[in-house]
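With positions in the sequence shown counted from 1, the corresponding number in the numbering used here is that position plus 208. Report on the following structure.
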Amino acid sequence: MMDAVLVGCGAMSKQWLDAARQVEGLRVVGLVDLDAERARARAHEYGLAGAVIGTSLDAILDQTKPQAVFDVVVPAARRDVALSAFAHHCHLLTEKPLADSPDNARAIVEAARRAGRVHAVVQNRRYVANVRRIRRFLSSGAIGAPTSIHADFFIAPHFGGFREEMAHVLLLDMAIHTFDAARYMVGGEPVSVYCQEWEPANSWYRQGSSASAVFDLGGGRLFTYAGSWCAVGFRTSWESTWRIVAERGSLLWDGNNDLRAEVVLPVRDGLLDQTQPIEVPPLDPADRIDGHLGIIRDFMHAIETGSEPETRGSDNIKSLAMVFGAIESAETGRRVAIA
Ligand SMILES: NC(=O)c1ccc[n+]([C@@H]2O[C@H](COP(=O)([O-])OP(=O)(O)OC[C@H]3O[C@@H](n4cnc5c(N)ncnc54)[C@H](O)[C@@H]3O)[C@@H](O)[C@H]2O)c1
């Protein structure tokens with residue numbers, strides 16, 4: 209049996225608690241929120257009658273002594289939560305983004321290393337069947353090596369709350385999913401980025417609702433991202449829409465169920481090489497999916513076996529470096545090297 213305390217009982221905590229109750233051997237023994245009423249309401253909603261409720265993570269960890277902390281707080285509170293979890297010898301599974309600044313990201317990853325605890329991030333868009341299929345298909349070489357990756361993200365949600373006030377909202381709060389997926393799909397090591405942010409006249413965000421970025425993903429591969437969180441009409445999927453161009457063909461994914469590829473034929477028709485459709489194989493049974501549930505299972509498996517989870521902080525920080533590189537580029541107007 210593994211005991212966990214969940215901190216941050218806002219909107220996303222429902223997804224965590226929905227997943228957690230499907231995991232055998234996992235018990236949520238405490239719920240923490242600055243607003244105790246919110247934590248109490250979640251305990252009631254999920255039938256967690258035995259869970260200890262509080263507003264101080266330190267106090268609840270002292271009282272319940274769990275093996276793990278589930279961190280679902282806002283990004284600005286993440287560093288304090290992480291340091292508290294490691295100080296109490298807890299493993300930590302944290303919502304994205306891993307941190308709200310490069311310094312805080314390094315401090316959290318270093319604290320996990322020093323504490324010798326498992327630290328993983330809910331980068332749940334990796335745990336999507338078509339993302340897994342794309343990575344396998346591209347690495348099979350069926351259309352040759354990828355040379356450019358293009359993702360579009362255009363949705364106009366009215367969240368209210370912290371997002372409408374934070375700086376660099378699209379890059380810091382959402383683009384991390386798309387950047388991480390791009391890096392994962394093609395096995396890229398980000399080298400540099402040029403990015404521009406803007407605020408459309410109709411934006412209801414304080415800053416950074418819209419951005420365009422061009423990344424050098426290493427190995428001659430370019431990744432372009434175009435996104436907006438206030439583009440009304442023809443919305444894309446939350447996963448973005450994708451075009452991946454490779455040496456001998458291309459792949460299109462609408463971010464939902466439409467995933468197609470074409471491969472070149474050795475026949476030229478006037479100016480153009482002929483192409484034909486090529487099947488993207490179904491999900492491999494070894495590929496882990498199921499979003500939050502899949503990640504919680506992987507996190508527990510890593511703790512039980514002493515292995516490293518796929519979305520470990522020490523790797524996820526490379527995707528976060530793409531975000532901070534893009535932010536620095538947008539602020540300075542220069543291309544930025546990604547360390
Ligand atoms: N993985 C995903 O697909 C996904 C989707 C949406 C949000 N998120 C992430 O989930 C996190 C939470 O987002 P949300 O939409 O639930 O926000 P929210 O504002 O609805 O909830 C956050 C909660 O954290 C509490 N809180 C803040 N600081 C705290 C602290 N120091 N101690 C205890 N409680 C504290 C707040 O009182 C609030 O109840 C964010 O990092 C967000 O980016 C992830």
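No residue lacks a Cβ here, since even glycine has one placed at the ideal position from N, Cα and C.
Can at least three beta-carbon pairs, one atom from the segment 215 to 223 and one from the segment 233 to 247, be found at a separation below 8 Å? yes
At a cut-off of 7 Å, is A293 close to ligand 1 when judged by its beta-carbon and the heavy atoms of the ligand? Position 85 of the sequence shown, counted from the first residue, corresponds to residue 293. Not so, every heavy atom of ligand 1 lies at least 7 Å from the Cβ.
Where S537 and L234 are concerned, what is the direct C-alpha to C-alpha distance, given to the nearest angstrom? Translated into positions along the sequence shown, residue 537 becomes position 329. Translated into positions along the sequence shown, residue 234 becomes position 26. C-alpha separation (whole angstroms): 43 Å.
Given this structure, state the Cα-to-Cα distance separating G396 from E253, to the nearest angstrom. Walking along the sequence shown from the start, residue 396 turns up at place 188. Walking along the sequence shown from the start, residue 253 turns up at place 45. Rounded to whole angstroms, G396 to E253 spans 42 Å at the Cα level.
Segments of 3+ residues assigned as beta strand (DSSP E) that fall wholly inside the segment 210 to 244: 210 to 215, 234 to 240
Bridge partner(s) assigned by DSSP for G457: Indexing the sequence shown from 1 puts residue 457 at position 249. DSSP lists A454, V471 as partners of G457.
Hey, out of G428, A267, A227, W412, whose CA is closest to W437's CA? Mapped onto the sequence shown, residue 437 falls at position 229. Selected option, being the one with the closest Cα: W412.
Just list the residues that DSSP pairs P354 with in beta bridges. The count along the sequence shown starts at 1 and reaches residue 354 at position 146. DSSP output for P354 lists A454 as bridge partner(s).
Classify L256: buried if its beta carbon has 16 or more other beta carbons within 10 angstroms, exposed otherwise. Position 48 of the sequence shown, counted from the start, is the residue given in the question as residue 256. That one is buried.
The segment 456 to 463 / the segment 349 to 368 touching (three or more Cβ pairs under 8 Å): yes
Closer than 7 Å to a non-hydrogen atom of ligand 1 - does that hold for the CB of A285? Locating residue 285 in the sequence shown gives position 77, where the first residue counts as 1. Result yes, Cβ under 7 Å from ligand 1.
N524 beta carbon near ligand 1 (any heavy atom closer than 7 Å): Reading the sequence shown from its first residue, position 316 is the one you call residue 524. No - ligand 1 has no heavy atom lying nearer than 7 Å to the Cβ of N524.
Under 7 Å: does the beta carbon of C217 sit that close to some heavy atom of ligand 1? Within the sequence shown, numbered from 1, the residue matching residue 217 stands at position 9. Yes, since a heavy atom of ligand 1 falls inside the 7 Å radius drawn around the Cβ of C217.
Apply the 10 Å Cβ neighbour rule to F278 and answer buried if 16 or more other Cβ atoms are within range, or exposed otherwise. On the sequence shown, position 70 is the one that residue 278 refers to. Buried is the call here.
I'd like to check one pair, G427 with F362: are the Cβ atoms closer than 8 Å? Within the sequence shown, residue 362 is the residue found at index 154, counting from 1. Within the sequence shown, residue 427 is the residue found at index 219, counting from 1. No; because the gap between Cβ atoms is not below 8 Å, this pair is not in contact.
If you check the beta carbons only, do V491 and A390 fall under 8 Å apart? Mapped onto the sequence shown, residue 491 falls at position 283. Mapped onto the sequence shown, residue 390 falls at position 182. Position check: residue 491 holds Leu in this sequence, whereas Val was assumed. Not in contact: L491 and A390 (Cβ atoms no closer than 8 Å).
Mark G416 as exposed unless 16 or more other C-beta atoms lie within 10 angstroms of its C-beta, in which case mark it buried. Working through the sequence shown from its first residue, we reach residue 416 at position 208. With 16 or more other Cβ atoms within 10 Å, it is buried.
Look at H297 and G521 and say whether their C-beta atoms are less than 8 Å apart. Your numbering for residue 297 matches position 89 in the sequence shown. Your numbering for residue 521 matches position 313 in the sequence shown. Cβ distance not < 8 Å, so H297 and G521 don't count as in contact.
How is I525 classed by DSSP in three states: helix, strand or coil? As a working mapping, residue 525 is identified with position 317 in the sequence shown. Of the three classes helix, strand and coil, the one that applies to I525 here is helix, per DSSP.
Can you tell me which of V399, H358, T272 puts its alpha carbon nearest to the alpha carbon of T432? Locating residue 432 in the sequence shown gives position 224, where the first residue counts as 1. Among V399, H358, T272, the Cα nearest to that of T432 is on H358.
Buried or exposed: where does L528 fall if 16 or more other Cβ atoms within 10 Å of its Cβ makes it buried? Position 320 of the sequence shown holds residue 528. The residue is buried, with at least 16 neighbouring Cβ atoms inside 10 Å.
Are D495 and R340 close, meaning C-beta to C-beta below 8 Å? Taking the first residue of the sequence shown as 1, we reach residue 495 at position 287. Taking the first residue of the sequence shown as 1, we reach residue 340 at position 132. Closer than 8 Å, so yes.
Using a 10 Å radius around the Cβ and a threshold of 16 neighbouring Cβ atoms, would you call E303 buried or exposed? As a working mapping, residue 303 is identified with position 95 in the sequence shown. Result: buried.
Over the uninterrupted alpha helix (DSSP H) stretch that includes L504, give me the two end residues. Taking the first residue of the sequence shown as position 1, residue 504 is located at position 296. A quick correction: the sequence has Ile, not Leu, at residue 504. That run of the alpha helix (DSSP H) goes 499 to 513.
How big is the Cα-Cα spacing for R325 and E518? Position 117 of the sequence shown, counted from the first residue, corresponds to residue 325. Position 310 of the sequence shown, counted from the first residue, corresponds to residue 518. Rounded to whole angstroms, R325 to E518 spans 15 Å at the Cα level.
Skipping 5 residues on each side, what residues in its chain have a beta carbon closer than 8 Å to that of E407? Translated into the one-based positions of the sequence shown, residue 407 becomes position 199. Contacts found: Y413, Q415, G416, S417, S418.
Work out the CA separation of D462 and N312 for me, nearest whole Å. As a working note, residue 312 is residue 104 in the sequence shown. As a working note, residue 462 is residue 254 in the sequence shown. When the Cα atoms are used, N312 and D462 turn out to be separated by approximately 34 Å.
R325 in three-state terms, based on DSSP: As a first step, residue 325 is located in the sequence shown; it is residue number 117 there, counting from the start. Coil, per DSSP.
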